[in-house]
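Enquirer: Take the sequence shown: its position 348, counting from 1, is numbered 385 in our numbering, and each next residue is one higher.
Glycine included, each C-beta is placed from N, C-alpha and C at the ideal position.
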Amino acid sequence: MKKTATTARPPTPAPKTVAILGAGGRGAGFAHLIRDFRLLGRVVAVAEPRDDYRAAFVKEHRVAAGKVFKRWQDFVKKPKLCDAVVISTMDRDHAGPAVACLNLGYDVLLEKPMATSLADCRAIEDAQRRRGAIVGVCHSLRYNKGFRKVKELLDSGVIGRIMSLDLLEQVAYGHQAHSFVRGNWGNEGRSTFMLMSKCCHDIDYIAYLIGKDKPCLRVSSFGHLSHFTRANAPAGSPERCTDGCPVEATCPYSAIKTYVQVENRHWWPASVCSHDHSAEAHLEAIRKGPYGRCVYRCDNDVVDHQVVSLEFAQDITATFTMTAFTQGGGRKLRIHGDKGELLFDESRITVKTFGDNNGHEITLGRENGGHGGGDSRVVREWLQALHSRDDSGIVANAQEALRTHTIVFAAERSRREGRMMAIADMRG
Ligand SMILES: NC(=O)c1ccc[n+]([C@@H]2O[C@H](COP(=O)([O-])OP(=O)(O)OC[C@H]3O[C@@H](n4cnc5c(N)ncnc54)[C@H](O)[C@@H]3O)[C@@H](O)[C@H]2O)c1
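Below is the structure:
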């Protein structure tokens, strides 16, 4: 029998080895995603202070004993022990591990916000450039299927030159109460300001849509914490929903209804209050922990509504609104060009071009996974870049994140100082 010539396949490169710093909600999620791309990456180390979370993580990912740490500070004391790190600690703990890991020679996938001060964002970008490291920042909207499609349509010129756009972020009353009143991001001293913690994605996306070649020039912003305050606490309400609150049965923010009496305690947001998801453990968590506090009696200080006006080069104007006061979540976007307009509500894109009176609709199929499949794409593109040593596929690298975080810092300064801010004034 005639032999067919066989071409030798190049050897498959070994998966990149990754440490997860901060194995909470996001860190555990990233570890699962890395496991989905097992030819590209493998989780080999973890740093996590909470014993139950760390133990479960170690078991699930079979992390070797020598590569388990309580804190990122312990991890960076060791010489480099894998290829890359995912930094999914809380907001105030991004710059420390990012700069330390970059200096040790790790590549980095960094959760947003890049850092909570402009100086720290610059330090990360500087360390990335000095080391030539691959850094991806998790600006999830850039990776979301629908938001990607919008960018593609705009770049195709279908509505012509952009004149203005308006983006609305509907945080939703329940999400606000969970994350930005009771939870991790309610108090600026423990996390950061609202426009950074929740809306750096939105400002980033606006700047990304408009394009690097048309930079943001000036911003102004207004916003307040008006509702989730002690002044609005119902008469007779105690500190906790479990303390016999007289309005608990009808309160939309009841912790008992949100964290205990739910269809599935493994689902967000109920899942966040305890690692053990039995009804007893959740009840105990709201009796003692942060999620059982009356939403009108917490230590929250971040705004519950804010608007930002932005002016970009070439006379482009944009507005952004975040509000807690919506029933459901999601974003709504309107973009106005000189040839037509584009409307997007996260499930459907409508393009209306002038002169033909016709609307063209694109219905987007659902994609599974966090941020409409965006989280999975973030991880895949980052792992691919680790292999190719080419970060051109990473749409939110350190330079891009620094560029758009600068706008967020400027907008917040405008809100606090009651004046318009020029972005050029932030560059000094
Ligand atoms: N890209 C997105 O859309 C998106 C969505 C949600 C959260 N985030 C960001 O992801 C980050 C993590 O959020 P999360 O919801 O997973 O919070 P989380 O509280 O569930 O996780 C943070 C983890 O860090 C751990 N930690 C604390 N100190 C540490 C230390 N010294 N060393 C190592 N680990 C430490 C905590 O124990 C916790 O498990 C935050 O910065 C948040 O803003 C981004």
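Flag this pair as yes or no: are the beta carbons of A268 and G365 separated by less than 9 Å?
Expert: No, they are not a contact pair.
Enquirer: Quick check: the Cα distance between D239 and I323, rounded to an integer number of angstroms?
Expert: Straight-line Cα distance between these residues: approximately 32 Å.
Enquirer: Which term fits N395, buried or exposed, when burial requires 16 or more other beta carbons within 10 angstroms of its beta carbon?
Expert: Exposed: under 16 other Cβ atoms inside 10 Å.
Enquirer: What does Q343 pair with, by DSSP beta-bridge criteria?
Expert: G260 and M359.
Enquirer: Exposed or buried, what is S193 when buried is set at 16 or more other beta-carbons lying within 10 Å of its beta-carbon?
Expert: exposed
Enquirer: So if DSSP puts K369 in a beta bridge, which residue, or which two residues, is it bridged to?
Expert: L205
Enquirer: Under the rule that 16 or more other beta-carbon atoms within 10 Å means buried, what is D336, buried or exposed?
Expert: Result: exposed.
Enquirer: Pick out the complete beta strand (DSSP E) segments inside the segment 178-257, 3 residues or longer, and give them in chain order.
Expert: 199-207
Enquirer: Does the distance from the C-beta atom of L232 to that of I460 stay below 9 Å?
Expert: no
Enquirer: Please state the DSSP three-state secondary structure of F94.
Expert: helix
Enquirer: Any heavy atom of ligand 1 closer than 8 Å to the beta-carbon of Y90?
Expert: yes
Enquirer: Assuming D73 and S413 are in contact, meaning their beta carbons sit under 8 Å apart, how far apart are those beta carbons, in whole angstroms?
Expert: Taking C-beta atoms under 8 Å as the contact rule, D73 and S413 qualify, at a distance of about 7 Å.
Enquirer: Do you know offhand how far R453's Cα is from R219's?
Expert: 23 Å
Enquirer: Taking 8 Å as the cut-off, is the C-beta of E418 nearer than that to any heavy atom in ligand 1?
Expert: no
Enquirer: For chain B, check one thing: does any of its Cβ atoms lie closer than 9 Å to the Cβ of K149?
Expert: Judged by its chain identifiers, the structure shown contains no chain B, having just a single protein chain.
Enquirer: Around the Cβ of G402, are there at least 16 other Cβ atoms within 10 angstroms (buried) or fewer (exposed)?
Expert: Label assigned to G402: exposed.
Enquirer: My guess is that V416 and L70 are in contact by the Cβ rule of under 8 Å, so how many angstroms apart are they, rounded?
Expert: 4 Å
Enquirer: Return the CA-CA distance between G470 and V445, expressed in angstroms with no decimal places.
Expert: As displayed, the chain neither begins before 38 nor continues past 465, which places residue 470 out of reach and without an answer.
Enquirer: Taking C-alpha atoms, which residue in R464, K325, R46 and G374 lies nearest to I196?
Expert: G374
Enquirer: F94 and V83: beta carbons closer than 9 Å?
Expert: yes
Enquirer: Which residues in the same chain have their Cβ closer than 6 Å to the Cβ of R46, if we skip the five residues on either side of it in sequence?
Expert: none
Enquirer: Terminal residues of the continuous alpha helix (DSSP H) containing H69?
Expert: G62 to D73
Enquirer: Is the CB-CB distance between G329 and A292 below 9 Å?
Expert: yes
Enquirer: Assuming F381 is part of the beta strand (DSSP E), what are its boundary residues?
Expert: G377 to F381
Enquirer: Cβ of N221 within 8 Å of any heavy atom in ligand 1?
Expert: yes
Enquirer: Let me make sure I understand the geometry here. Which of L202, R371 and A447 has the alpha-carbon closest to that of T354?
Expert: L202
Enquirer: So what's H397 in DSSP terms, helix, strand or just coil?
Expert: DSSP places H397 within a strand segment (E or B) once states are collapsed to three.
Enquirer: Where does A56 fall in DSSP's three states?
Expert: Three-state DSSP puts A56 in a strand.
Enquirer: Thinking just about the alpha-carbon of each residue, which of N221, S228 and K186 is nearest to the one in M151?
Expert: S228
Enquirer: Look up D409 in the DSSP assignment and say whether it is helix, strand or coil.
Expert: Before going on, a small fix: residue 409 reads as Gly here, not Asp. Coil, per DSSP.
Enquirer: For F112, does the three-state DSSP call read helix, strand or coil?
Expert: helix
Enquirer: Let me make sure I understand the geometry here. Which of E404, D462 and S451 has the alpha-carbon closest to that of K182?
Expert: Nearest option by C-alpha distance: E404.
Enquirer: Which word fits P48, buried or exposed, when buried means at least 16 other C-beta atoms lie within 10 angstroms of its C-beta?
Expert: Here P48 is exposed, its C-beta having fewer than 16 other C-beta atoms within 10 Å.
Enquirer: Should D89 go down as buried or exposed, given a rule of 16 or more other Cβ atoms within 10 Å for buried?
Expert: exposed
Enquirer: Quick one: Cα of K104 to Cα of V81, how far?
Expert: 7 Å
Enquirer: Can you tell me whether DSSP reads F265 as helix, strand or coil?
Expert: Collapsing the DSSP output to three states places F265 in coil.
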